[in-house]
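Chemist:
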Amino acid sequence: MDLVLDIVLLSLLLTTAVAIAWTRDLFSAAMLAGIYGLLSASFFMTMGAVDVAFTEAAVGAGISPLLILATLALCGRKQRSDRKRALLALGLVATVGALLVAATLDMPAFGDPTAPAQTHVAPRYIQDSMAEIGIPNIVTSVLASYRAYDTLGEVVVIFTAGLGVLSLLLGMRGARETGTALQAIPRQHLVLRMAAKVLIPPILVYALYVQFHGEYGPGGGFQAGVIFAVGFILYALVFGLDAVRRVAGNGLVQFLAALGVLIYGSVGLLGMATGKNFLDYSALAGDPVSGQHIGIIVIELGVGITVAAVMMLVFYLFSEQLQDRNDAPEQLSPGRAG
Amino acid sequence: MLSHLPILQVILPLVAAPSCMLIRRSSLVWFFSLLVSAGALVVSVLLLQQVIDSGPISYRLGGWEAPWGIEYRIDLLNAWVLLVVTGLGTAVIAAARQSVQREMDDLRQTLFYTLYLLCFAGLLGIVATGDVFNVFVFLEISSLATYALIALGRDRRSLWAAFQYLIMGTIGATFILIGIGFLYMMTGTLNMADLALRLPELGSSSTVLAAFAFIVVGVCLKLALFPLHMWLPNAYAFAPSIVTAFLAATATKVALYLLVRFIVTVFGIDFSLTSLPLQSLFIGLGLVGVFVASVVAIYQVDIKRMLAYSSVAQIGYMVVGIGISSVVAMQATLLHLFNHALMKGGLFLALAGLVYRLGSSRIDAFNGLGRTMPWTMAAIVIGGISLIGMPLTVGFVSKWYLITAAIESDMWLVALLVVLGSLIAAIYVWRLVEAGYFRQAPAGGDVTVGEAPLSLLVPTWILIGANIYFGIDTRLPVEVTGAVAQYLLGGIQ
């Protein structure tokens, strides 16, 4: 059964990937990329990597196609082709592919209990994390405590990406503080408006659930932040950018993006202030295990805040650009893009 | 507090960056960034002192011992590179304020300093860590910040340059990540010291070989080793002047460090040299890079681009040193890492002054410069002399060691080619001298052009002065790099 599932999923992944490379229509490429994300998420599920699957579903199948579509609304949906470059790229891809295949020759089999990945560091995480950190989701223990510093780095990566987009698009042509860049959809589209109104509260509540349930099940700040941002983005798509910016303006999301990183960093520094090492939470409370628990909750909050704020910031910046481009008739209109 | 030095090195700029977003006022943010960079410099000096006195330092992040947690491990090699990066980073940020004001609108200045600190923290994080996945995370921070910094250039072609680098850099980072994934699969660990223990047991399995190939190619992409250098000239030419100075002095140095770290510490020099024909590959590509890039540099009209090609050539020399792989050659590479940072840091800051006054870095902007901007022109000439490798400058010291190493290893041809490469450098440096001192400024041109502002000139001359100082009193760099090379390769030679 597993084998059949693997074969089906992998061949679908392959087909989608080839189709993405093949098609000249960027709009379909974006849609296919979303499907690719969802297929990867399913494949990760069959491998038992629930947290990774969740992230991939939220990011790969959720927010990144949305941002690609916002880009397409700006730059059009036609791809210019260059045969020579395509051949060069194909050659490179074939070489890399051959190397990857060669690499599989000496790999341990998937799920092999004697593989180094299962026998070296993993046993401690599996056997002792409950006693050392006290939360049932081992993945969260590894990400938020054993390797918390990597996770801090990842949050900074997202913060940097947000700032990069900000530095590129800030004050560019279409952007204005009070402009009506992304218009609300007309009133007569009752179904869309009602559907959005019904959907948005559960989305936000679900995001909070994912945020605070990360210690017990799959989830955590990254997924929660993305889901939270999607609630706001949906609101913007239906009721216009101005409506959402009245709730969370440009200044606020920039502030929150920085704040999340600072919260995470401060927890680390607090560890140093209590005489331990950076990001050692064990002295944050009377006994080390509750200290770990508190530390993880706070840093996950920092992650969620930065991720949500950066996603919203990037979406704002893209959709602020849309207004000017609407005049050009051959371009894809934001209505069709969204 | 002293026991926390390894993490303070990185966390100081890392936490300072988002704080910039809260300060917002650009002049305050500049001063804050300068303080933070200077603080990082002090930390790196203390670290180097501590490593020299009492050996490698290990720091457990989150209190978890390696390999379960992430370890910061400072030995002589990365203490040296940390000093180079923080020293040059501080000198460049000290010079930044007026140049940034001139080249960027108000809105972007705060963002510029924030991204600068992020890039700085990313580079320091790559160098300080003893964990290969942590390397990747900080590589992403520094890379993303670099792409954005390059795109801040005034010329709209900076967007294209940044995009080119983004694609090439992302391929490089992906290759590194694939390699790290394979390493974890085969050893179950991400800790460098632990990897070094466990990898030899595996011999040359095809997965480990593939990991090695992916990592070396990925790092060489970031290093801009010929022929993977295509992104570099555009990136340097179109980035804001300060960003060019910063990247030229630090970013490629960190990539070179990473190459040495993976080849020598993680995989072990024996594995690295026997599993692939790395020795001839590095010497070959390094020398071809020296010649091709130097010749191309001669024909450049834009001096920023000319010096960018010269950087590709200098990277060639450093890689030749790794290829020869003797203690002296490694010392030459590490010396050149420091010396080249001083040369290019000083030269690109001088160019920043030129762009500040004349708005251009083209060769015709140099006409009559010896009279209108004597200090800037003199700095460029001394930097150029050091680039050629004339005695009494740092350039001579590293070339001397490289040639000695080549001769000691009976590679006479290599030694000869290194000398020839320096002669080509003399040609493109001479073009600047000729324009600056022997041509007149265009008649009726802007007669009000004066010397570059002091805030730019002082850091430029500190770096140029260091080119001469360390060219005469070579004790500090030579002793430290000698010890580093001995520490890295002494066991086998």
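These protein sequence lines map, in sequence, to chains Z and E. Numbers in my numbering are just positions in the first sequence, counted from 1, shifted up by 9. Here my numbering is used: position 354 in the second sequence is 352, and no number is missing along the way. From the three backbone atoms N, C-alpha and C, an ideal C-beta is built for every residue, glycine too. Just so it is clear, the structure is predicted and the values come from calculations on it, not from any experiment.
What does N156/Z reach in chain E if we use C-beta pairs closer than 9 Å?
Modeler: The sequence given here places Arg at residue 156/Z; Asn does not occur at that position. L59, G60, W62, W66, G67, I68, D129, F131, N132, L188, listed in chain order.
Chemist: In chain Z, which residues lie with their C-beta within 9 Å of the C-beta of A376/E?
Modeler: Under the 9 Å cutoff, chain Z gives no residues; its nearest Cβ is about 35 Å from A376/E.
Chemist: Return no unless some Cβ of chain E is closer than 8 Å to the Cβ of R185/Z.
Modeler: With a pLDDT of 46 at R185/Z, under the threshold of 50, the modelled position of that residue is not reliable, and the figure given next carries that caveat. Answer no: the Cβ-Cβ gap between R185/Z and chain E never drops below 8 Å.
Chemist: Spatial neighbours of A352/Z within its chain, please: CB distance less than 8 Å, with the 5 preceding and 5 following residues excluded, ordered by chain position.
Modeler: It is not possible to answer for residue 352/Z, since the shown part of chain Z is limited to 10 through 347.
Chemist: Chain Z partners of H2/E, CB-CB under 9 Å?
Modeler: Going along chain Z in sequence order, the residues near H2/E (Cβ under 9 Å) are M281, N286, F287.
Chemist: Say whether chain Z places a C-beta atom closer than 8 Å to the C-beta of P11/E.
Modeler: Taking Cβ atoms only, chain Z never reaches closer than 8 Å to P11/E, which makes this a no.
Chemist: Can you pull the chain Z neighbours of E138/E, defined as C-beta to C-beta under 7 Å?
Modeler: Correct list: V166.
Chemist: Here's the rule: buried if 16 or more other CB atoms are within 10 angstroms of the residue's CB, otherwise exposed. What is T108/E?
Modeler: So T108/E ends up on the buried side.
Chemist: Would a C-beta distance cut-off of 8 Å place G167/E and Y145/E closer than the cut-off?
Modeler: The answer is yes: Cβ separation under 8 Å.
Chemist: Taking all protein chains shown into account, decide if T283/Z is buried (16 or more other Cβ within 10 angstroms of its Cβ) or exposed.
Modeler: Result: exposed.
Chemist: Output yes or no for whether 8 Å exceeds the beta carbon distance between G186/E and T128/Z.
Modeler: Yes; because the gap between Cβ atoms is below 8 Å, this pair is in contact.
Chemist: What does a CB cutoff of less than 6 Å around L157/E pick up in its chain, not counting 5 residues either side in sequence?
Modeler: A149.
Chemist: In terms of alpha-carbon separation, which member of Y399/E, D471/E, F136/E, A433/E lies closest to L175/E?
Modeler: L175/E has its Cα closest to that of F136/E, out of Y399/E, D471/E, F136/E, A433/E.
Chemist: Mind checking if L113/E is an interface residue toward chain Z, Cβ cutoff 8 Å exclusive?
Modeler: It does; some Cβ of chain Z falls within 8 Å.
Chemist: Could you confirm whether any beta carbon from chain Z is found closer than 8 Å to the beta carbon of T205/E?
Modeler: At least one chain Z Cβ lies under 8 Å of T205/E.
Chemist: Using DSSP's beta-bridge definition, name the partner residues of S56/E.
Modeler: Note: S56/E sits in a beta bridge opposite R71/E.
Chemist: So that I know if they touch, is there some Cβ in chain E lying closer than 8 Å to that of G143/Z?
Modeler: Cβ-Cβ to chain E under 8 Å: no for G143/Z.
Chemist: Please confirm if T185/E has its CB atom under 8 Å from at least one CB of chain A.
Modeler: This model lacks chain A altogether; the protein chains it does include are Z and E.
Chemist: Of all the beta strand (DSSP E) runs that stay within the bounds of the region 408 to 439 of chain E, which reach a length of 3 or more residues?
Modeler: The region 408 to 439 of chain E contains no whole beta strand (DSSP E) run of 3 or more residues.
Chemist: Name the chain Z residues that come within less than 8 Å of V135/E, Cβ to Cβ?
Modeler: Near V135/E (Cβ distances below 8 Å), the residues of chain Z are D159, G162, E163, V166.
Chemist: Identify whether K285/Z lies in helix, strand or coil by the three-state DSSP scheme.
Modeler: Residue state, collapsed to three classes: coil.
Chemist: Where does R89/Z fall in DSSP's three states?
Modeler: R89/Z falls in the coil class under three-state DSSP.
Chemist: With DSSP as the reference, label R196/Z as helix, strand or coil.
Modeler: The answer is coil: DSSP assigns R196/Z none of H, G, I, E or B.
Chemist: Could you tell me whether the Cβ of M166/E comes closer than 8 Å to any Cβ of chain Z?
Modeler: So no, M166/E is outside the interface.
Chemist: Short of 7 Å in beta carbon distance, which residues of its chain neighbour I497/E, apart from the five on each side in sequence? Order them along the chain.
Modeler: What is shown of chain E runs -1 to 491, which leaves residue 497/E out entirely.
Chemist: Using 8 Å as the threshold, is the C-beta distance between V262/Z and M321/Z below it?
Modeler: In this structure, M321/Z lies closer than 8 Å to V262/Z by Cβ.
Chemist: Can you name the start and end residues of the alpha helix (DSSP H) that G173/Z belongs to?
Modeler: That run of the alpha helix (DSSP H) goes 157 to 178.
Chemist: For A211/E, which residues in chain Z fall below 8 Å Cβ to Cβ?
Modeler: Within 8 Å Cβ-Cβ: L108.
Chemist: Of all the CB atoms in chain E, is at least one closer than 8 Å to the CB of P125/Z?
Modeler: Yes, P125/Z lies at the interface with chain E (some Cβ there is under 8 Å from its Cβ).
Chemist: Would you please state the rounded distance, in angstroms, between the beta carbons of N232/E and Q162/E? I believe it to be under 8 Å.
Modeler: Their Cβ separation, rounded to whole angstroms, is 6 Å, which keeps N232/E and Q162/E in contact under 8 Å.
Chemist: Nearest chain E C-beta to I29/Z closer than 8 Å, yes or no?
Modeler: False, the Cβ-Cβ gap to chain E never drops below 8 Å.
Chemist: Does the beta-carbon distance from Q79/Z to A62/Z come in below 8 Å?
Modeler: Correcting the residue identity first, residue 79/Z is Ala in this sequence and not Gln. Contact flag unset, no.
Chemist: Short of 8 Å Cβ to Cβ, which residues in the region 113 to 139 of chain Z face chain E?
Modeler: Under the 8 Å Cβ criterion, the region 113 to 139 of chain Z contributes T113, L114, D115, M116, P117, A124, P125, A126, Q127, T128, H129, V130, A131, R133, Y134.
Chemist: Hey, would you say A464/E sits closer than 8 Å to T374/E, going by beta carbons?
Modeler: No. Outside cutoff.
Chemist: In chain Z, which residues lie with their C-beta within 9 Å of the C-beta of L20/E?
Modeler: Near L20/E (Cβ distances below 9 Å), the residues of chain Z are F264, A267, L268, L271.
Chemist: Exposed or buried, H227/E, counting other C-beta atoms within 10 Å across all chains shown (16 or more means buried)?
Modeler: With 16 or more other Cβ atoms within 10 Å, it is buried.
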